[in-house]
Amino acid sequence: MFEFKLPDIGEGISEGEIVKWDVKPGDRIEKEKDMVEVMTDKVTVKIPSPVSGIVKELKFKEGQMAKVGDVIIEIETSESVPEKETKEQTITQKEEPSKVMEQNIHETTQTRVLASPAVRRIARENDIDLALVPASGENGRVTLDDLWKFVDNQSKALETQKEVPVDVEKPKVEAPVLVGEEEILEMHGLRRLIFDKMTKSKQTIPHYTVVELADVTKISGMIEDYRAAGIKVTYTAFFVKAAAIALKEFPYINAIYNEGKKNYTLKKYYNIGVAVDTPDGLTVPVLKNVDRKSINKISGEVRDLAEKARNNTLSLQDVQDATFTVTNVGTIGGLMSTPIINYPEVAILGVHKVSEETVGGEKRYSTYISLSCDHRLIDGAMGTRFLVRVKNILENPVMLFVE
Numbered sequence: 001m002f003e004f005k006l007p008d009i010g011e012g013i014s015e016g017e018i019v020k021w022d023v024k025p026g027d028r029i030e031k032e033k034d035m036v037e038v039m040t041d042k043v044t045v046k047i048p049s050p051v052s053g054i055v056k057e058l059k060f061k062e063g064q065m066a067k068v069g070d071v072i073i074e075i076e077t078s079e080s081v082p083e084k085e086t087k088e089q090t091i092t093q094k095e096e097p098s099k100v101m102e103q104n105i106h107e108t109t110q111t112r113v114l115a116s117p118a119v120r121r122i123a124r125e126n127d128i129d130l131a132l133v134p135a136s137g138e139n140g141r142v143t144l145d146d147l148w149k150f151v152d153n154q155s156k157a158l159e160t161q162k163e164v165p166v167d168v169e170k171p172k173v174e175a176p177v178l179v180g181e182e183e184i185l186e187m188h189g190l191r192r193l194i195f196d197k198m199t200k201s202k203q204t205i206p207h208y209t210v211v212e213l214a215d216v217t218k219i220s221g222m223i224e225d226y227r228a229a230g231i232k233v234t235y236t237a238f239f240v241k242a243a244a245i246a247l248k249e250f251p252y253i254n255a256i257y258n259e260g261k262k263n264y265t266l267k268k269y270y271n272i273g274v275a276v277d278t279p280d281g282l283t284v285p286v287l288k289n290v291d292r293k294s295i296n297k298i299s300g301e302v303r304d305l306a307e308k309a310r311n312n313t314l315s316l317q318d319v320q321d322a323t324f325t326v327t328n329v330g331t332i333g334g335l336m337s338t339p340i341i342n343y344p345e346v347a348i349l350g351v352h353k354v355s356e357e358t359v360g361g362e363k364r365y366s367t368y369i370s371l372s373c374d375h376r377l378i379d380g381a382m383g384t385r386f387l388v389r390v391k392n393i394l395e396n397p398v399m400l401f402v403e
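Residues in the sequence shown are numbered consecutively from 1, following my numbering.
Written out as structure tokens, the structure reads:
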């Protein structure tokens with residue numbers, strides 16, 4: 001009997017959620033065929049079987065969390081597979097974080113400890129020395145829960161007055177329960193991550209939102225010109241590029257909140273997250289160094305990342321190191337919205353449905369753009385000036401090619 005243990009996925013991620021089994025007890029599975037889909041705190045990966053045989057037992061149900069080293073499936077087989085080979089076969093998403101320049105308001109020194117890339121990223125963004133965080137993971141790894149507990153405890157120690165708790169209690173993962181004509185829906189998978197992150201954002205960050213109406217008639221004409229030349233570009237590429245240009249002029253808006261030390265890190269690079277609607281929920285892949293790329297390049301990368309998001313093939317690098325987020329719901333509808341900040345960023349730009357009207361016999365196109373900000377750092381005047389600058393760039397798109 002072959003017992004398959006959940007291996008390290010990437011740089012020592014300590015646990016993962018069993019999202020979907022591709023096999024069931026009694027099935028015959030062939031070597032190298034996908035058998036299970038596992039979600040870590042950032043990426044979903046498909047794990048193939050290292051042997052051929054008959055599935056005897058699934059040790060975890062879909063939605064349950066398994067730790068690295070847990071036996072998750074038993075396969076009856078005559079093959080013998082060394083554990084080392086099993087690990088090598090299952091690691092398909094190992095990525096190294098991109099190396100980018102940044103300027104910390106307060107520098108910190110971090111000791112190398114065992115932790116997943118996502119935990120390292122969050123610690124880095126919050127100026128937390130991982131060496132100070134008590135680890136509960138296997139072999140002394142620092143887990144995401146360890147990190148949040150550390151942050152929570154540190155915050156309580158610093159505060160002398162009662163404050164709203166920022167740690168989010170994770171819901172139990174169970175199958176939907178039908179009670180009469182009602183249904184209890186438990187969060188799991190990507191929806192659970194969204195649940196936790198959005199709750200944390202609203203509990204931690206005091207939001208405000210400003211709105212402008214932007215005339216995008218010139219951009220509409222440019223999109224038609226591109227199309228006539230056989231080049232497919234979308235409004236989203238223009239919104240992303242305009243945001244990057246404006247962010248250079250408003251450095252406080254291109255920042256990350258460091259909860260542990262109650263300070264902010266101003267980013268000197270411009271990595272824009274673009275919210276993508278997928279069948280499993282909202283995902284935010286990240287376009288790197290947008291300020292250095294053309295509209296055509298940005299548009300192509302948005303398409304590629306959106307396709308990967310919908311196919312669950314994003315890598316860790318695809319979702320890391322965002323400094324600002326743009327969310328575009330205009331293709332679905334909705335004249336206006338007040339988007340929630342993608343914590344720990346400090347602002348998010350919402351773009352909406354492009355409306356058409358005839359003015360003086362001429363077709364004009366316009367859209368509402370909205371900016372939600374962290375009011376602790378960004379005053380209303382600054383947020384409004386930034387949004388007006390974005391509007392001006394969109395209405396005079398020649399600026400997109402000057403930068």
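Glycine is no exception: its CB is placed at the ideal position from the N, C-alpha and C atoms.
In the three-state reduction of the DSSP assignment, N296 falls in the helix class, which pools H, G and I. I29 places its beta carbon 7 Å or farther from that of F60. Secondary structure note for R385: it is in no beta strand (DSSP E), and the uninterrupted alpha helix (DSSP H) holding it is G380 to E395. Counting only unbroken stretches of 3 or more residues, the beta strand (DSSP E) elements lying wholly within the stretch 21 to 45 are 34 to 39, in sequence order. The three-state reading of DSSP puts A322 in coil, since its state is none of H, G, I, E or B.
About 23 Å separates the beta carbons of V329 and I378, which is beyond the 8 Å limit, so they are not a contact pair. Three or more beta-carbon pairs separated by less than 8 Å link the stretch 307 to 314 to the stretch 283 to 293, which places the two stretches in contact. The C-alpha of A255 lies about 11 Å from the C-alpha of D321.
With distances taken between CA atoms, E357 lies nearest to V216 out of V216, K197 and F250. For H375, the closest alpha carbon among the candidates G383, M187 and Y368 is that of G383.
Taking the C-beta atoms as reference points, I47 is found nearer than 7 Å to V38. Here DSSP, grouped into helix, strand and coil, assigns N271 to coil. Annotation for R141: no alpha helix (DSSP H) segment contains it, and DSSP assigns it neither H nor E. Judged by beta-carbon spacing, E57 lies within the 7 Å limit of E74, meaning their Cβ atoms are closer than that value. In the DSSP assignment, E224 falls within the alpha helix (DSSP H) that extends over T217 to A228.
Excluding sequence positions up to five before and after K288, its CB lies within less than 6 Å of the CB of N271, all in the same chain and listed in chain order. For R364, the uninterrupted beta strand (DSSP E) segment begins and ends at E362 to D374. Around the beta carbon of E362, fewer than 16 other beta carbons sit within 10 angstroms, so the residue counts as exposed.
Here P7 is buried. Its C-beta has 16 or more other C-beta atoms within 10 Å. With contacts defined as CB atoms closer than 7 Å, S14 and V71 fail to qualify as a contacting pair. Here the alpha carbons of T327 and L349 stand approximately 6 Å from one another. Excluding the 5 residues flanking it on each side, K197 has same chain C-beta neighbours closer than 7 Å at Y343, in chain order.
Sequence-distant partners of K20 (beyond 5 residues in either direction) whose C-beta falls short of 8 Å from its own C-beta, in its chain, are V36, E37 and E62. In this structure F2 is buried. Its beta-carbon is surrounded by 16 or more other beta-carbon atoms within 10 angstroms. V274 and T325 have their C-alpha atoms roughly 6 Å apart. Take K353, set aside five residues on each side of it, and the residues of its chain with a beta-carbon closer than 7 Å to its own are G330, G333, G334, L335 and T367, in chain order. DSSP, read as helix, strand or coil, puts E345 in strand.
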